[in-house]
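Read the structure below first, then the notes.
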Amino acid sequence: MKPSKLNQPAKRENKEPWLAVNLSLFFPGIGQIYAGKLFKGVILIVSQVTLILIAAWSIFSPTGNTVAGISFLAFMLVIYILNLFDAHNSIKKTKPQKINNVSVKQPPTYSSFSLHRSSAIKDPWLAVFLSQILPGIGHLYIEKIFLGGVFLIFIIIFSNLSVFFWPLRVVTAIIAAIACYHVYLASSKKSRKSRQLIRQVVVAIIIFKLTMAFLPILVEQQVEKFTIPSNSMLPTLQPGDKIFVHQSRNYIPQQGDLVVFNPPPKNRFSDVNKNEFFVKRVIGRPGETVQISNGVVYINNQPLKEDYTAQPAAYQWGPLAVPAGNYLVLGDNRNDSFDSHAWGFLPAANIIGKVYKIYWPPARIQPLN
0 MKPSKLNQPA KRENKEPWLA VNLSLFFPGI GQIYAGKLFK GVILIVSQVT
50 LILIAAWSIF SPTGNTVAGI SFLAFMLVIY ILNLFDAHNS IKKTKPQKIN
100 NVSVKQPPTY SSFSLHRSSA IKDPWLAVFL SQILPGIGHL YIEKIFLGGV
150 FLIFIIIFSN LSVFFWPLRV VTAIIAAIAC YHVYLASSKK SRKSRQLIRQ
200 VVVAIIIFKL TMAFLPILVE QQVEKFTIPS NSMLPTLQPG DKIFVHQSRN
250 YIPQQGDLVV FNPPPKNRFS DVNKNEFFVK RVIGRPGETV QISNGVVYIN
300 NQPLKEDYTA QPAAYQWGPL AVPAGNYLVL GDNRNDSFDS HAWGFLPAAN
350 IIGKVYKIYW PPARIQPLN
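Taken in order, the sequence shown gives residues 0 to 368; the numbers are from numbering that gives the first Met the number 0.
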């Protein structure tokens, strides 16, 4: 007679609800994939990437609608927040399974998406999540009051200093990573595998924090925003219009382009702040001869067709040849514009970039040039 074989329950990996939340904090869908909800995770990732692309196009594209872009961003934020709840619930709602009528031991369950467990044990991944939101809060949660206060003070100080000196954003990312790593280890004794996992999460935290810190800087290196302060560019630009300016080292201004620039050196005698920026239209390029006579602009003795001016110029100017490396710029409101006819040619080095879009207010959203 053969001895009967006892079937032992298969070892099952316990999933941590708050680890899923931490992963989804990086990007919607990652926590769901960790929880075993592959299809839902992929759908969240694809939908969020799609919304990001549509929102970016709507805001920054010349023909995009800024209001639509902001609406997509708001929708993204809603999905992002709901994704955190769903990541937690994807594991919380997992029911204990039985193998050969033997119950498999499951991790403790929670009554709600809450900061409190049913026991007094502190959840290390919840502490990490709180430290990601604001370093120091996780330590307060595990009752490390002194360290929590230290991390809070440091993150507040360096976050404020980084506004004026952006490289300090690296320091704020490191502070957050250290806080998350320490609060995890301080929460409870963990195995070597758990220590490896928190190290991987900390690396992801640093990458995530640095990306979020430097992405706006990278965008501003390509696109800068300005507000129109005066009537000098009427009717094209009105006071209060907010514009996008594309910056590029390879940009060569063309006739009719709207450009933002620093006041040239010859303008320093005026009462205009040297840190103030001007916006005008390029009329004459290097080597061209420009003349303004009887309200008409002539380029190389040919009349320039202009359908964007408020009224013809009431002054006479030129003829003068535009020097190499310089441009002649005029305001569309010819008789109420402090421009090249008053202070001379504009050096190319002073040009910040080309105006390509009015992005606000909503009624004024339109492409330019």
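Even glycine gets a Cβ: it sits at the ideal position worked out from N, Cα and C.
Requested in this report: Please state whether DSSP places S60 in a helix, a strand or coil.
Outcome: coil
Query raised in the report: Can you tell me the Cα-Cα spacing of L257 and V48, whole angstroms?
Result: 33 Å
**Report entry** Coil, strand or helix - V354 by DSSP
**Finding:** strand
Query raised in the report: Taking the continuous alpha helix (DSSP H) assigned at A185, which residues delimit it?
Result: 168–186
Requested in this report: Give a yes or no on contact between the segment 226–236 and the segment 314–327, applying the rule of three or more CB pairs nearer than 8 Å.
Outcome: no
Query raised in the report: In or out: W124 buried (at least 16 other Cβ within 10 Å) or exposed?
Result: buried
Report task. Evaluate S113 with the Cβ neighbour count: other Cβ atoms within 10 Å of its Cβ, from every protein chain shown; 16 or more gives buried, anything less gives exposed. Result -> Residue placement at S113 cannot be trusted, given a pLDDT of 49 that sits under 50; the coordinates are not used to answer.
Query raised in the report: Is F150 near V20, with beta carbons less than 8 Å apart?
Result: no
**Report entry** Rounded separation between I120 and Y140 - CA only
**Finding:** 11 Å
Report task. Taking the CB atoms as reference points, tell me whether Y358 and K241 lie closer together than 8 Å. Result -> yes
Report task. Report yes if the CB atom of L345 is closer than 8 Å to the CB atom of F276, and no otherwise. Result -> no
Query raised in the report: Does DSSP classify K10 as helix, strand or coil?
Result: Annotation note: pLDDT 45 at K10 (below 50); position unreliable, no value reported.
Requested in this report: Could you tell me the boundaries of the alpha helix (DSSP H) in which A362 lies?
Outcome: Looking at the DSSP string, A362 is not in any alpha helix (DSSP H), and its letter there is neither H nor E.
Query - Cβ-Cβ separation, I174 to F153 (assumed contact under 8 Å), whole Å - result: 5 Å
Query raised in the report: Roughly how many whole angstroms lie between the Cα atoms of T210 and R168?
Result: 10 Å
Query raised in the report: How is T308 classed by DSSP in three states: helix, strand or coil?
Result: coil
Query - Close-in-space but distant-in-sequence residues of the same chain around V41 (CB under 7 Å, 5 per side omitted) - result: G28
Requested in this report: Quick one: using the 10 Å Cβ neighbour count with 16 as the cut-off for buried, is L24 buried or exposed?
Outcome: buried
Requested in this report: Would you tell me roughly how many angstroms separate the C-alpha atoms of L71 and N332, rounded to the nearest one?
Outcome: Rather than Leu, the amino acid found at residue 71 in this sequence is Phe. Looking at the two C-alpha atoms, the distance is approximately 37 Å.
Query raised in the report: How would you label N159, buried or exposed, when you count the other beta carbons within 10 angstroms and need 16 or more for buried?
Result: exposed
Requested in this report: Tell me whether the beta-carbon of W165 lies closer than 8 Å to the beta-carbon of I216.
Outcome: yes
**Report entry** Between the CA atoms of G147 and A86 - distance to the nearest angstrom
**Finding:** 27 Å
Query raised in the report: Any idea what DSSP makes of A348, helix, strand or coil?
Result: helix
Query raised in the report: Who pairs with P366 in a beta bridge, going by DSSP?
Result: K356
Query - Residues near Q131 by beta carbon distance below 7 Å, same chain, minus five either side - result: N21, L24, A175, C179, I204
Query raised in the report: For the beta strand (DSSP E) that contains W165, what are its first and last residues?
Result: Counting along the chain, W165 falls outside any beta strand (DSSP E), and DSSP gives it neither H nor E.
**Report entry** Other residues of its chain near D338: CB distance less than 6 Å, five sequence neighbours each side excluded
**Finding:** K279, V328, L329, G330
**Report entry** C-beta contact flag for V289 and V244 at 8 Å
**Finding:** no
Query raised in the report: Helix, strand or coil for L37 per DSSP?
Result: helix
Query raised in the report: Got a sec, what are the start and stop residues for the alpha helix (DSSP H) P228 sits in?
Result: First-last for P228: undefined, no H or E at that position.
Query - Nearest to A347 (by Cα), restricted to the options P262, D335, D306 - result: P262
Query raised in the report: Ordered along the chain, which non-local residues of its own chain (more than five positions away) have a Cβ less than 8 Å from that of P302?
Result: V295, V296
Query - DSSP state of Y297 mapped onto helix, strand, coil - result: strand
Query raised in the report: Straight-line CA distance for Y33 to S161?
Result: 34 Å
Report task. Note down, in chain order, each residue of its chain lying with its Cβ closer than 7 Å to the Cβ of V182, except the 5 sequence neighbours on either side. Result -> A126, V127, S130, G137, H138, I141
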